[in-house]
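First up is the structure itself, then whatever we jot down about it.
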């Protein structure tokens with residue numbers, strides 16, 4: 007029974023490893039899209055003599071869900087990445103410890119959605135429709151200027167969107183249409199979209215890389231629900247150097263939905279002091295200026311400088327769609343259900 | 158004294174796997190059910206929509222049944238080919254059919270898209286050839302895409318399971334029937350099929366369970382109009398945090414898989430015909446007749462079309478780089494280049510989560526190796542006692558199948574809740590992942606090894622025992638040499654499952670120890686041609702390494718032919 011012996015030895019090893027404790031670590035729970043530069047994080051680690059551990063826990067929704075399930079005995083000290091579409095779930099589950107950071111002064115008040123400062127805004131980005139510039143130029147097609155324009159026959163079969171039940175940008179776009187048409191009329195609008203040959207897929211990866219004609223996947227639809235910053239990413243991550251982005255965003259009024267991402271200290275953290283320092287660090291200039299090229303969203307801190315690629319290739323909407331937090335929280339699940347009933351028959 | 162020791166060993170043989178199953182499967186499952194009941198009592202069962210759920214159940218069965226039948230339909234002729242003939246490129250083809258198993262769905266979707274998407278090559282070629290204005294093939298978001306992807310993923314199970322049984326089937330029976338004047342159809346119906354039925358049923362069960370709980374394929378290839386139970390569980394868990402409903406659905410799914418599993422295991426038991434396994438050498442022949450050559454040619458062409466083309470498309474995607482034509486016009490041309498592979502080794506953004514591909518590959522392989530060794534060890538232990546009539550052991554044999562029919566989301570969340578929440582738990586994650594993978598691989602080991610073991614005629618054992626061989630000796634000199642190849646095949650699958658598993662893994666990953674599939678997803682998280690290209694390049698690396706590994710295993714299996722034990726046994730028989 008050699009094999010059994012090996013197996014037992016392995017088990018004991020596992021136990022031994024588990025018992026080891028590393029000195030002073032700060033754990034930050036966040037979603038899979040989180041990214042930062044090595045030296046920026048190292049700066050914090052050196053200043054506070056601490057090791058920062060990141061726990062990537064799936065997309066934004068499932069990260070929050072895991073934090074909720076771990077309530078009371080939190081896995082981490084800091085939770086980053088809950089956005090305004092799910093913020094009220096986080097607040098009503100009471101997972102955060104309030105912290106009024108002195109840096110909140112540098113952050114525009116319209117981003118500060120929680121007056122009790124349990125969740126502090128770190129960055130924001132717009133979910134917008136991206137379009138394939140070449141397609142529109144080639145066909146001399148004017149750009150749609152409003153959500154309603156998308157139902158015109160000239161844009162038939164040209165748009166791909168994500169299922170709001172499985173995708174965060176999909177949900178944001180659904181919310182934009184509700185902000186524009188209201189609870190009474192949004193379903194009728196989606197019906198018109200569907201009659202105009204709307205394509206629906208489940209996830210952003212498929213929409214962008216399989217369906218969208220402006221990406222490497224060379225799909226069939228020249229318009230996709232994506233992020234306002236995607237054109238800049240297309241330039242930065244181009245196969246060959248590009249002067250100009252191959253895509254751009256439609257930024258008409260109410261066509262984009264602004265997602266704001268928050269950070270908060272988890273209740274029950276045993277290192278509240280360090281956690282506060284880390285929140286300050288995330289809101290501070292160094293980290294804020296590191297955000298754009300890592301996560302492709304805008305820093306919340308007004309003093310942070312934007313990289314040139316952002317200034318050159320990104321259009322920001324003058325009037326993004328907005329919905330009050332409470333309205334989203336009370337209705338979100340029902341809206342998604344109603345949408346599924348109508349669209350996925 | 159000897160007898161006492163034997164029972165002790167035998168008890169240990171089934172107690173260990175049982176303990177493993179209890180701790181790493183039933184405990185997490187129990188935890189998630191308990192949490193769900195707590196939340197149910199607090200909040201009630203929201204979001205229950207009979208219509209959606211009924212539709213999900215119906216469609217789950219429909220697509221799984223159809224996919225499985227289609228896979229068998231294509232797989233059985235291929236199994237015949239592999240088990241009867243020796244031809245050029247056989248080893249290559251056998252390795253190639255197993256490769257899809259290890260690929261993440263997102264990459265397979267990209268491969269299919271490059272091939273049959275709107276501007277995929279097939280469409281472009283057809284449009285050029287026939288001067289069409291619209292792409293003639295449109296399979297995105299259709300049932301056909303789901304079926305194709307399922308065949309693509311699972312056909313190797315059918316081929317491997319059935320061909321290994323077919324190789325061992327005794328030709329003398331068929332020959333005798335023919336000599337007695339039976340027509341080919343009758344030989345097929347009354348001799349060949351009954352002999353193969355246990356392995357056909359085993360293949361059916363494995364493929365069906367895979368299709369039944371399929372997730373990525375439905376989500377990415379089928380699109381939102383198709384909802385299976387697994388997809389609905391995912392939506393209810395991840396998006397609505399409606400754990401009561403998600404758990405209820407997971408239990409419904411588990412119930413159905415249990416029913417199917419027990420029915421098929423029972424059928425499999427009834428139809429097993431003990432046969433003397435024979436050496437493989439004489440069963441392969443070179444195709445001589447023209448008709449044979451034609452059949453072989455057409456079967457392997459179909460296999461290539463279904464299995465190889467998407468893989469080739471993937472490789473092409475990783476090598477083709479768009480380049481501006483230097484004459485100043487705005488045209489692009491395609492260029493073959495290794496630049497995506499080179500970029501994989503750079504970290505231009507100095508990202509804290511950057512992991513060199515070699516390291517991600519090493520993580521993946523380590524996980525897969527430990528998981529597959531663990532499941533084969535446990536599987537052999539279980540198979541060793543499967544012959545006894547002890548009630549609990551029979552139960553266990555059946556319980557082992559459950560992880561394959563369990564929702565990966567539910568199981569992953571259960572593991573997370575059961576083991577992932579204690580202080581310092583993330584340190585455990587690297588050890589939990591192979592354990593979870595071993596659980597999912599275990600059904601394969603058992604279903605592959607058990608039929609081989611049960612088919613060994615008992616008189617071989619009795620003869621050995623009469624001659625004074627201890628049970629351990631019987632096991633080593635009779636059972637092990639016979640099931641060795643089946644065990645290796647099982648090892649390959651356990652390995653491949655571990656490499657490709659995503660659902661349960663995603664609950665336990667740590668960013669500093671990513672697996673290759675997770676690294677691939679990270680690239681596809683952001684827009685940009687270079688990200689897409691690097692994701693494809695990483696998938697190709699995964700492909701190449703696995704192909705090399707499979708080649709080695711394949712050679713090992715062929716080496717077995719000359720193993721003295723088998724030879725001897727056949728002479729004796």
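Residue numbers (our numbering), protein chains in the order written: chain P, 7 to 351; chain Z, 158 to 730. For every residue, glycine included, the Cβ atom is placed at its ideal position computed from N, Cα and C.
Exposed unless 16 or more other CB atoms sit within 10 angstroms - verdict on residue i
i             : result
residue 79/P  : exposed
residue 389/Z : buried
residue 317/P : exposed
residue 287/Z : exposed
residue 713/Z : exposed
residue 718/Z : Bear in mind that the predicted position of residue 718/Z carries a pLDDT of just 49, short of 50, making it unreliable; the figure below should be weighed with that in mind. Residue 718/Z should be labelled exposed.
residue 604/Z : buried
residue 120/Z : Nothing can be reported for residue 120/Z, as the shown portion of chain Z is limited to 158 through 730.
residue 160/P : exposed
residue 558/Z : buried
residue 276/P : exposed
residue 532/Z : buried
Partner residues on chain Z for residue i, Cβ-Cβ distance less than 9 Å
i             : result
residue 293/P : The contacting residues do not exist; residue 293/P stays about 12 Å from chain Z at best.
residue 112/P : Those within 9 Å of residue 112/P in chain Z number zero; the least Cβ separation is about 24 Å.
residue 226/P : 274, 275, 276, 292, 295, 297
residue 336/P : Correct list: empty, because the minimum Cβ distance to chain Z is about 13 Å.
residue 172/P : 376, 381, 388, 391, 392, 395, 396
residue 275/P : Correct list: empty, because the minimum Cβ distance to chain Z is about 12 Å.
Contact set between residue i and chain Z, taken where Cβ atoms lie within less than 8 Å
i             : result
residue 146/P : Ordered by position in chain Z, no residue passes the 8 Å Cβ test against residue 146/P, which lies about 16 Å from the chain.
residue 311/P : Chain Z residues near residue 311/P: none, gap ~17 Å exceeds 8 Å.
residue 64/P  : 395, 663, 664
residue 256/P : Going along chain Z, no residue has its Cβ under 8 Å from residue 256/P, so there is no contact; the nearest lies around 16 Å.
residue 101/P : Under the 8 Å cutoff, chain Z gives no residues; its nearest Cβ is about 12 Å from residue 101/P.
Anticipated Cβ contact below 8 Å, residue i with residue j, distance rounded
i             : j             : result
residue 441/Z : residue 241/Z : 7 Å
residue 251/P : residue 237/P : 4 Å
residue 96/P  : residue 33/P  : Contact flag wrong, Cβ pair sits at about 17 Å.
residue 402/Z : residue 393/Z : 5 Å
residue 660/Z : residue 372/Z : 6 Å
Partners in chain P for residue i, counting only beta-carbon separations shorter than 8 Å
i             : result
residue 507/Z : 43, 44, 45
residue 139/Z : Missing from the structure shown is residue 139/Z; chain Z here goes from 158 to 730 and no further.
residue 503/Z : Here the premise fails: no neighbours, minimum Cβ distance about 12 Å.
residue 267/Z : 215, 216, 223
Run of the beta strand (DSSP E) containing residue i, from where it starts to where it stops
i             : result
residue 157/P : Taken as a continuous stretch (DSSP letters only), residue 157/P belongs to no beta strand (DSSP E), as it is neither H nor E.
residue 35/P  : 31-36
residue 59/P  : 57-62
residue 265/P : 263-272
residue 87/P  : 84-89
residue 451/Z : Segment 447-460 is the alpha helix (DSSP H) holding residue 451/Z; no beta strand (DSSP E) there.
residue 384/Z : Here residue 384/Z belongs to no beta strand (DSSP E), and DSSP marks it neither H nor E.
Proximal chain Z residues relative to residue i, where beta-carbon distance stays under 7 Å
i             : result
residue 234/P : Result: empty, since nearest Cβ-Cβ is about 11 Å, beyond 7 Å.
residue 67/P  : 395, 396
residue 208/P : 376, 377, 380, 381
residue 270/P : The contacting residues do not exist; residue 270/P stays about 18 Å from chain Z at best.
residue 71/P  : 395, 398
Limits of the unbroken alpha helix (DSSP H) element including residue i
i             : result
residue 189/P : 174-201
residue 228/Z : 207-241
residue 476/Z : 466-476
residue 265/Z : 262-273
Where residue i meets chain P, residues with beta-carbon distance less than 7 Å
i             : result
residue 578/Z : 76, 79, 81
Where residue i meets chain P, residues with beta-carbon distance less than 9 Å
i             : result
residue 361/Z : Here the premise fails: no neighbours, minimum Cβ distance about 29 Å.
residue 263/Z : 209, 211, 212, 215
Contact test: residue i Cβ vs the ligand SAM heavy atom, cutoff 6 Å
i             : result
residue 113/P : Within the structure as shown, the ligand SAM is missing, as the structure has no ligands at all.
Where residue i meets chain A, residues with beta-carbon distance less than 7 Å
i             : result
residue 510/Z : Looking for chain A here will not work: the only protein chains present are P and Z.
Item to check | Selection of the region 674-702 of chain Z by Cβ proximity to chain P, strictly under 8 Å | outcome: 678, 679, 681, 682, 683, 684, 685, 686, 687, 688, 689, 690
Next on the checklist: Any C-beta of chain P within less than 9 Å: which residues of the region 388-400 of chain Z qualify?
Outcome noted: 388, 391, 392, 394, 395, 396, 397, 398, 399, 400
Checklist entry - What are the residues of the region 657-669 of chain Z that lie near chain P, defined by any Cβ-Cβ distance shorter than 9 Å? => result 663, 664, 666, 667, 668, 669
Next on the checklist: Which residues of the region 300-327 of chain P have a Cβ closer than 7 Å to any Cβ of chain Z? Give them in chain order.
Outcome noted: 300, 302
Checklist entry - Of the residues that make up the region 560-579 of chain Z, which ones have a beta carbon closer than 9 Å to any beta carbon in chain P? => result 570, 573, 574, 577, 578, 579
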